[in-house]
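Since the structure comes first, as structure tokens, the remarks are kept for the end.
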Amino acid sequence: MNYKALFETAMLAGEIMAQSGAETYRVEDTMIRILRSSNLSSVEVYATTTGIVATLSDPAIEPITGVKRIINRSNNLSRINDVNQVSRNICDGVMSIEEAHVKLEEIRQIKIYPNSIIAIATIISMAGFVGIFGGSWLDCLLAGVNGIFIVIIGSLADKRIGSAFIIDMAKSFVLAFITMIFAKYIPEVNRNLIIIGSIMPLVPGIPITNAIRDTLQGDYNSGTARAVEAFVISLGIAVGVGLGIGFFNFVGGMI
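Residue numbering for the sequence shown follows this note's numbering, beginning at 35 and increasing consecutively.
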């Protein structure tokens with residue numbers, strides 16, 4: 035068996051899962067299962083939200099150690115499921131290491147939804163949340179308009195700004211400011227519901243969930259890191275909304 039190829043395949047699987055928002059214990063478990071298919075005596079994997087360290091060793095071979103920095107992270111449950119299936123195929127002997135590595139490279143390149151679909155879903159979800167919270171059809175419509183601005187800001191900022199805090203703060207600022215303008219000229223709208231519904235797609239639900247799951251699994255480092263990530267994103271949203279409302283109150287008479 036080519037142990038180096040097996041190790042590189044395990045590292046690639048862990049990298050894809052970590053970048054796709056998988057819990058750290060799941061990343062470690064998947065990599066360990068792949069590496070143990072070598073039947074070597076020692077397998078060690080340590081994963082956090084920002085990096086992976088793994089070692090494969092045995093008296094019969096030179097130890098193999100690798101470190102992978104995780105920089106770009108998103109939420110993609112489909113990729114996580116696909117990587118899990120590849121790891122099962124390796125363990126069951128259904129797929130060779132070379133085939134698995136090629137398949138993992140294909141999985142990494144897959145883009146599940148085009149940007150246009152994501153944009154439409156964002157707009158609809160903002161309008162939908164306002165409706166769920168009891169808003170009128172006009173409130174939902176204006177939340178959808180907010181969604182258009184959020185999509186535009188996201189498409190511009192994601193390419194230029196690497197900080198989720200700044201991006202979410204900018205989005206929240208714009209949607210709060212625009213909503214206040216709507217409320218000034220259309221008094222019958224419920225500005226509170228529009229703002230609340232519009233920020234819902236920005237709320238870090240998956241990081242919060244993963245923080246709880248990692249903590250319950252005893253992985254306190256990753257649990258704390260994800261909790262801090264969720265807090266920072268939430269803080270950015272809150273600061274953005276506050277600044278948007280405050281800025282409107284400052285310049286409202288000129289609009």
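In this text, a Cβ means the ideal position worked out from N, Cα and C, and glycines have one as well.
Remember, predicted model here, so these are calculated numbers, not experimental data.
- The bridge partners DSSP lists for residue 126 come to none.
- Assignment of beta-bridge partners to residue 137 by DSSP yields no partner.
- Annotation note: the region 71-134 contains the following uninterrupted alpha helix (DSSP H) runs of length 4 or greater, listed N- to C-terminal: 111-126.
- Taking C-beta separations shorter than 7 Å and ignoring five residues to either side along the sequence, the partners of residue 64 in its chain run 47, 48, 51, 117, 118 and 121, following chain order.
- Put simply, the backbone Cα of residue 160 is about 49 Å away from that of residue 37.
- DSSP places residue 61 within a helical segment (H, G or I) once states are collapsed to three.
- Within the same chain, Cβ atoms closer than 6 Å to the Cβ of residue 134 are found at 43, 120 and 124, the five residues on either side in sequence being excluded.
- With 16 or more other Cβ atoms from the protein chains shown falling within 10 Å of its own Cβ, residue 248 counts as buried.
- The beta-carbon distance between residue 213 and residue 229, rounded to whole angstroms, is 5 Å. This is short enough to meet the 8 Å contact definition.
- Exclusion of the five residues before and after residue 277 leaves 207 as the residues of its chain whose Cβ lies within less than 6 Å of its Cβ.
- Counting other Cβ atoms within 10 Å of its Cβ, residue 223 reaches 16 or more and is therefore classed as buried.
- The C-beta of residue 209 has 16 or more other C-beta atoms within 10 Å across all chains shown, which makes the residue buried.
- With contacts defined by Cβ atoms closer than 8 Å, residue 78 and residue 89 form a contacting pair.
- Sorting 221, 181 and 84 by C-alpha distance to the C-alpha of residue 104 places 84 at the top.
- The Cβ atoms of residue 113 and residue 144 sit closer than 8 Å to each other.
- Residue 219 and residue 177 have their C-alpha atoms roughly 15 Å apart.
- Residues of the same chain with a CB within less than 7 Å of the CB of residue 35, apart from the 5 flanking positions on each side, are 72 in chain order.
- Considered as a whole, the region 203-265 harbours 225-233 and 239-250 as its complete alpha helix (DSSP H) runs of no fewer than 4 residues, in chain order.
- Rounded to whole angstroms, the gap between the alpha carbons of residue 101 and residue 61 is 14 Å.
- At a Cβ-Cβ threshold of 8 Å, residue 204 and residue 186 do not count as neighbours.
- The beta carbon of residue 211 sits closer than 7 Å to the beta carbons of 278, 281 and 282 from its chain, once the five residues preceding and following it are set aside; these are given in chain order.
- Under the three-state reduction of DSSP output, residue 147 falls in the coil class, being neither helix nor strand.
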